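Read the structure below first, then the notes.
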Ligand SMILES: [Zn+2]
């Protein structure tokens, strides 16, 4: 007698599965079986019993998206359209200093709720009060890396080396979904000694480092004046360039620096909306990919985006390369989709765990509702053009289900781990308090 096959924990049945595996296989009407945290089987009509079944007919099943650079800030939509220097001096820095743990908790709740609803399953947050944000992630169910944002500023616009080290020591090995890292803000806001000490600490604790690099022309000029070199060469001198490091922006990386980063296996994270909104410039993403760099995609903070919609970032990444290179073939859509999935996972050092739908990997999965006219038509059951529809037509609001490590965080657009009304109330209260503390008036327009 054949033994009954054991029931799996979760079966996602009959979906159009966009695996993002090395062959970039797209499987129409396929099942994904999940046991515990992992994908255990994948293919047409698996026919296994399951404790929970999600009907995925009329849905695409994707690897969860990876937001490889964000700051969980609270005050989007305030003081928009200012010149960058005024915006930083009058808005951003006073706000950074005014956060408390309680205000940060509300910000983390809002950001993580939005990311779950937009199909982001993994994110890197470089900002303040990391332990508070990590506690929110324990509850939200998202996979996250928290890099306390260290700034050399006696007035406390950021975290310090001491507070960051305490966080790393406390959270290393505590929760397999939540990883600590070091986050020196940028070469112009952290001195050489700060970077050197962070390099030593990251090696000692065996954790990643995330920093902003070569973002604007102003940064290039400032670093040239102070150190007589470029931001990337400056970090090379300080011994920071290795596979532990991921850098955000890289807008002004020169060809020889791209080669240097590839040799040292440094990852780069592209933030197209932020680069446009802050008038920073167009990053040479096609050149990074051609050189073989690990490249991820980020939203940056809600101050410079303003939403956390990685579908929008995929689309803008593709459009910006085409426009700036005068080449409509630049950054084709499967490559754009890879930036937000496998690319982001690899950029954050999580490529073996997440970023694609493959047996043995973490069950970080999202479902897209295909029963909507802006995603039609699909040819050959979707095999012919699903990536095109996802990159050029889809948006965060099309995500119906979000699953991380086998746990369903959102079903039919209802978030199960965080409570929408409670988060909205906390955000309203914390927002008012933050502006008061920062001395910023949200005045109505005359
Ligand atoms: Zn940033």
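Numbering (this note's numbering), first residue to last: 312 to 757. Glycine included, every Cβ here is placed at the ideal spot set by N, Cα and C. Computed from a predicted structure; not experimentally measured.
Cβ-Cβ distance between residue 433 and residue 675 below 9 Å: In the chain shown, counting from the first residue as 1, residue 433 sits at position 122. In the chain shown, counting from the first residue as 1, residue 675 sits at position 364. Contact: yes.
Hey, could you find the ends of the alpha helix (DSSP H) residue 645 is sitting in? Start at 1 with the first residue of the chain shown, and residue 645 comes out as number 334. Run containing residue 645: 644-649, per the alpha helix (DSSP H) assignment.
Under the three-state DSSP convention, the category residue 496 falls into: Position 185 of the chain shown, counted from the first residue, corresponds to residue 496. Three-state result, residue 496: coil.
So within the region 455-512, which uninterrupted beta strand (DSSP E) runs reach at least 3 residues, ignoring any that extend past its ends? 489-491
Assuming residue 612 and residue 411 are in contact, meaning their beta carbons sit under 8 Å apart, how far apart are those beta carbons, in whole angstroms? For the purposes of this step, residue 612 is taken as the residue at position 301 of the chain shown. For the purposes of this step, residue 411 is taken as the residue at position 100 of the chain shown. About 18 Å separates the two Cβ atoms, so there is no contact after all.
Spell out the partners DSSP gives residue 714 in its beta bridges. As a working mapping, residue 714 is identified with position 403 in the chain shown. DSSP lists 676 and 719 as partners of residue 714.
Is residue 585 near ligand 1 - that is, is its Cβ less than 8 Å away from at least one heavy atom of it? On the chain shown, position 274 is the one that residue 585 refers to. Yes - ligand 1 has a heavy atom lying nearer than 8 Å to the Cβ of residue 585.
What are the uninterrupted segments assigned as beta strand (DSSP E) that are 3 or more residues long and contained completely in the region 364-417, given in chain order? 370-374 and 376-381
Based on DSSP bridge pairs, tell me the residues matched to residue 615. Taking the chain shown and counting its residues from 1, the one referred to as residue 615 is at position 304. None; residue 615 has no bridge partner.
Going by beta carbon distance, what residues of the same chain come within less than 6 Å of residue 455, once the five residues before and after it are set aside? For this step, residue 455 is matched to residue 144 along the chain shown. The residues are 434, 448 and 489.
Do residue 337 and residue 328 have their CB atoms nearer than 9 Å? Start at 1 with the first residue of the chain shown, and residue 337 comes out as number 26. Start at 1 with the first residue of the chain shown, and residue 328 comes out as number 17. Contact: yes.
Check each candidate in 704, 703 and 681 and name the one with the smallest Cα separation from residue 693. Walking along the chain shown from the start, residue 693 turns up at place 382. Measuring from the Cα of residue 693, the nearest candidate turns out to be 681.
Taking 8 Å as the cut-off, is the C-beta of residue 582 nearer than that to any heavy atom in ligand 1? Within the chain shown, numbered from 1, the residue matching residue 582 stands at position 271. Yes - ligand 1 has a heavy atom lying nearer than 8 Å to the Cβ of residue 582.
Quick one: is the Cβ of residue 366 within less than 8 Å of any heavy atom of ligand 1? In the chain shown, counting from the first residue as 1, residue 366 sits at position 55. Because no heavy atom of ligand 1 lies under 8 Å away, the Cβ of residue 366 does not count as near it: no.
According to the Cβ coordinates, are residue 726 and residue 416 closer than 9 Å? Here residue 726 refers to the residue found at position 415 of the chain shown. Here residue 416 refers to the residue found at position 105 of the chain shown. Result no, Cβ atoms of residue 726 and residue 416 do not sit closer than 9 Å.
Drop a sphere of 10 angstroms on the beta-carbon of residue 654, count the other beta-carbons inside from all chains shown, and report buried for 16 or more, exposed for fewer. Along the chain shown, one-based indexing puts residue 654 at 343. Buried is the call here.
Can you list, in chain order, the residues of its chain with a C-beta nearer than 8 Å to that of residue 745? Leave out the 5 residues immediately preceding and following it. Within the chain shown, the letter at position 434 stands for residue 745. Contacts found: 385, 386, 406, 409, 410 and 414.
contact_flag[the region 340-357, the region 521-533] where n(CB pairs < 8 Å) is 3 or more: no
Okay, do the region 572-589 and the region 602-620 touch, 3+ Cβ pairs below 8 Å being the bar? yes
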